[in-house]
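J.: In order, the protein sequences belong to chains G and P.
Per our numbering, residue 1 is the first one in the first sequence, and the count goes up by one each step.
Per our numbering, residue 1001 is the first one in the second sequence, and the count goes up by one each step.
Glycine included, every Cβ here is placed at the ideal spot set by N, Cα and C.
A quick note: this is a predicted structure, and the numbers were derived from the prediction, not measured.
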Amino acid sequence: MSAIDQLFREYRSAGRKALIPFLTAGDPDLEFTGLLVRELDRRGCALCELGVPYSDPIADGPVIQASYTRALAGGVKTRAILELAGQLRRPAGSEAAAVRMPLVTMISYAIVYRLGLQQFVRDAVASGVSGAIVPDLLVEEAGPLAEVCREHDFSLIQLVTPTTPRERARRIAATSTGFLYYVSVTGITGERRELPPELVDNVAWLRHETDLPICIGFGISGPEQVRQLAPVADGLIVGSAFVRRIADVGQSDRAAALRDVGQFASQLLEALNERG
Amino acid sequence: MATQTPLPSPAQVPDAAGRFGPFGGRYVPETLTRALDELTAQYEQARGDAEFQRTLDSLLRDYVGRPSPLYFAERLTRHCGGAQIWLKREDLNHTGAHKINNTLGQGLLTLRMGKSRVIAETGAGQHGVATATACARFGLPCVVYMGEEDVRRQAPNVFSMKLLGAEVRPVTSGSRTLRDAINEAMRDWMSSVETTHYIIGSVVGPHPFPRIVRDFQAVIGRETRQQSLRQVGRLPDLVVACVGGGSNAAGMFYPFVDDAQVQLLGVEAGGLGGAPGQHASPLTHGQPGVLHGSFSYVMQDDDGQTCDVHSISAGLDYPGVGPEHSFWKDSRRVRYTSCEDHRALDAFDALARQEGILPALESSHALAVAMVEARQRPAGEVIVVCLSGRGDKDAAEIARLRGQG
């Protein structure tokens, strides 16, 4: 059983909902990403998505695009991101405790293919990473990577969107592992003031089709939306709203940015588990 | 790249999943799947619909001015001394390039699908102008994404697009060229996919685009084949076309792939030379990888990040290439080479002075290589060059470069 399966089993039996922050790894550098992950872990987030910066991210809005550009300008490489994950999840020395949250990478298939499917999954597993979301890998093309992931008990989290026909959604749910990522909007990542009115019903329908945990992402900007979506989901993914908070961070104001990110996570967590 | 299974016959691709041998496929966010499936289905129906074909054929004849002539460049041939050089005059099409063949076809598909808005990307601006033209003709609103660098170096086309009623959105991300324009068009489509059709301009992108664009451009090769038989009395010995994304080359080559006696030669942008970042030649210097929804040769670093590329010609300034070209390269049906900026400029001058034709800088790359081939071949041989576009759009940029030099 992967760490993600374990996590949702515990959350479900406790009646809790998971907050899943997304961070761009290496924005502005990996040291700061490590501090952010620890802060989010301390605040009680369930799982953390580490975005591997990519030069041509077509599913991302301006906030995450810009953070990818900053991280790439800083020279971050996938290997270094996995090394950071290893330090967080399996610290060698005794100076820091291991991060409790499982980590998953959000990574383009362009990168996975270039690194080699086996190589990527082996290195990720060795670094204590529990799974991957590959946003440009459709269920039709996912076979080879899914096989490698299965061999290593590494979750390959697939996405269902508002444009996915229902029969296809069933097929995606049947092949996804770890959890199912429900994309809230027809569009790119980025905070929205309002989410589509049919979102809750669509997720409720999917709920009846699969036992897999369902987490909703894209567009979630604050506690109000968290309250609205918490009842139908196992977890909520928040990306741009976190990434935006560190967009202008320099060397001197890092402590303030960490505090801001941590406080925002706490607000969301409070809203998320109000009913639970 | 070595492939384990025997490659299929070149005329039998792509398969139902959009695979040209191992290349092609569909690597896009799930959000776009339904629209791509719908496009695939509608295109299949349209292909079998005689009325659709008749409408397209009459537009190509009366609106575009097809068939475009196959012209014997007699003075250029004498200038080179060797094989005969013939030019397939796509530059004489309405809007001045081959791009209109595709945009009219996809414009008709847009109407057929009941979509009410069109988006497109453009590099040199030729596809942008051709899309704006088709949209004006069909009464569709049109947004064209264009890299800021290309907006600068292809200003006449930007103005034309606006005159045709299109909105031109400059793209300021990344390298500010064609690749970034495609990214931005894809992002628009992610949000607008239910009401908008994306008229992609080359044989790139996710299935079914590489196949659809090739099919609409194949009119170039079909005409050339017939014209060569009629005017020369036989098929050409060599057919040369430039390759950025590769749409004019795919359309020119495809009807010849089963004619084993016809050699096919694709010319990529060699830029300033073979060093990384100095050229735009993924078939010559790249390796297979994923970019813009398709598996094909690409310029990437060892971490899968797309490399910056360079070409004097905005239409060839692209780090990827259509998957069918990758398939033709690996199956050795087409030979690919590259041509540096300065050689393309020399060929531009030669055609201007010898024939009174200003070729597009893109087409000048094919011309430069064809002139070298001509010198090496006997007078009895016949070379056809796809003159994919006219060069008026490049005049100001060439003047600027020379003013600096």
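Between T69/G and chain P, is any beta-carbon pair separated by less than 9 Å?
T.: yes
J.: Between L1032/P and chain G, is any beta-carbon pair separated by less than 9 Å?
T.: Put simply, the CB of L1032/P is near chain G, with a gap under 9 Å to one of its CB atoms.
J.: Looking only at its chain, what residues have a beta carbon closer than 7 Å to the beta carbon of R1153/P, apart from the 5 residues adjacent to it on each side?
T.: Correct list, in chain order: A1314 and E1397.
J.: Of the residues L84/G, L40/G and R12/G, which one's Cα is nearest the Cα of G26/G?
T.: L84/G
J.: Find the nearest neighbour of A1388/P within the set S1068/P, D1037/P and A1041/P, judged by alpha-carbon distance.
T.: Per the sequence shown, residue 1388/P should be read as Ser rather than Ala. Selected option, being the one with the closest Cα: S1068/P.
J.: Under 9 Å between the Cβ atoms of V1204/P and G1025/P?
T.: G1025/P is positioned such that its CB atom lies no closer than 9 Å to that of V1204/P.
J.: At a Cβ threshold of 9 Å, is T1306/P touching chain G?
T.: yes
J.: Kindly indicate if chain G contains any beta-carbon less than 9 Å away from that of Q1300/P.
T.: Answer yes: the Cβ-Cβ gap between Q1300/P and chain G drops below 9 Å somewhere.
J.: How many whole angstroms separate the CB atoms of H1310/P and G1266/P, which I take to be in contact at a CB cut-off of 8 Å?
T.: The pair is not a contact, with the Cβ atoms about 19 Å apart (cut-off 8 Å).
J.: For A1374/P and T1284/P, what's the separation of their Cα atoms in angstroms?
T.: 22 Å
J.: Just how far apart, CA to CA, sit P62/G and K1099/P?
T.: Annotation: P62/G to K1099/P spans about 30 Å, alpha carbon to alpha carbon.
J.: Please state the DSSP three-state secondary structure of R1222/P.
T.: helix
J.: Alpha helix (DSSP H) containing P223/G: first to last residue?
T.: P223/G -> alpha helix (DSSP H) spans P223 to L229.
J.: How long is the line joining the alpha carbons of G190/G and V226/G, rounded to whole angstroms?
T.: 15 Å
J.: Please classify P1236/P as buried or exposed, where buried requires at least 16 other C-beta atoms within 10 Å of its C-beta.
T.: buried
J.: Return the chain-ordered ranges of every alpha helix (DSSP H) run that is complete within the segment 1121–1152 of chain P and spans a minimum of 4 residues.
T.: Segments of the alpha helix (DSSP H) lying fully in the segment 1121–1152 of chain P: 1126–1138.
J.: With a 10 Å radius around its C-beta and 16 neighbouring C-beta atoms as the bar for buried, classify F1327/P as buried or exposed.
T.: By the 10 Å Cβ count, F1327/P comes out buried.
J.: Is the distance from the Cβ of G1128/P to the Cβ of F1209/P below 9 Å?
T.: no
J.: Does the pairing of the segment 1068–1088 of chain P with the segment 1105–1119 of chain P give three or more beta-carbon distances under 8 Å?
T.: no
J.: In angstroms, rounded to a whole number, what distance separates the CA positions of T1337/P and E1268/P?
T.: 6 Å
J.: Got a sec, what are the start and stop residues for the beta strand (DSSP E) M1252/P sits in?
T.: No beta strand (DSSP E) holds M1252/P; the alpha helix (DSSP H) holding it covers S1247 to F1253.
J.: Between G34/G and the rest of its own chain, which residues show a CB-CB distance below 8 Å, the 5 nearest in sequence each way excluded?
T.: L84, Q87 and L88
J.: Just the C-alpha distance for R1047/P and I1212/P, rounded to the nearest angstrom, thanks.
T.: 10 Å
J.: Please report the distance separating the alpha-carbon of G1286/P from that of K1329/P.
T.: Answer to the nearest angstrom: the Cα atoms are 12 Å apart.
J.: Along the alpha helix (DSSP H) that carries H1325/P, what are the first and last residues, could you check?
T.: P1323 to D1330
J.: Just confirm the distance between the C-beta atoms of A80/G and L30/G, as a whole number of angstroms; I'd bet it's less than 8 Å.
T.: 6 Å
J.: In whole angstroms, give me the CA-to-CA distance for L1401/P and V1232/P.
T.: 39 Å
J.: Suppose contacts are defined by Cβ-Cβ distances below 9 Å. Is E1340/P in contact with L1272/P by that definition?
T.: With respect to L1272/P, E1340/P sits close: the two C-beta atoms are nearer than 9 Å.
J.: Would you identify the three-state DSSP class for L19/G, choosing helix, strand or coil?
T.: strand
J.: Determine the chain P residues that contact P165/G at a beta-carbon separation under 8 Å, and present them in chain order.
T.: Per Cβ cutoff of 8 Å: R1034.
J.: From this set, G1246/P, V1239/P, P1255/P and M1252/P, which residue's C-alpha is nearest L1264/P's C-alpha?
T.: For the residues G1246/P, V1239/P, P1255/P and M1252/P, the minimum Cα distance to L1264/P belongs to V1239/P.
J.: For the alpha helix (DSSP H) that contains T33/G, what are its first and last residues?
T.: L30 to R43
J.: Should Q1053/P go down as buried or exposed, given a rule of 16 or more other Cβ atoms within 10 Å for buried?
T.: exposed
J.: Check whether the segment 1141–1151 of chain P and the segment 1170–1181 of chain P are in contact - that is, three or more C-beta pairs closer than 8 Å.
T.: yes
J.: Can you give me the C-alpha to C-alpha distance between F242/G and L23/G, rounded to a whole angstrom?
T.: Taking the Cα positions, F242/G is about 7 Å away from L23/G.
J.: To the nearest angstrom, how far is it from the Cα of L50/G to the Cα of P102/G?
T.: Roughly 11 Å between the two C-alpha positions.
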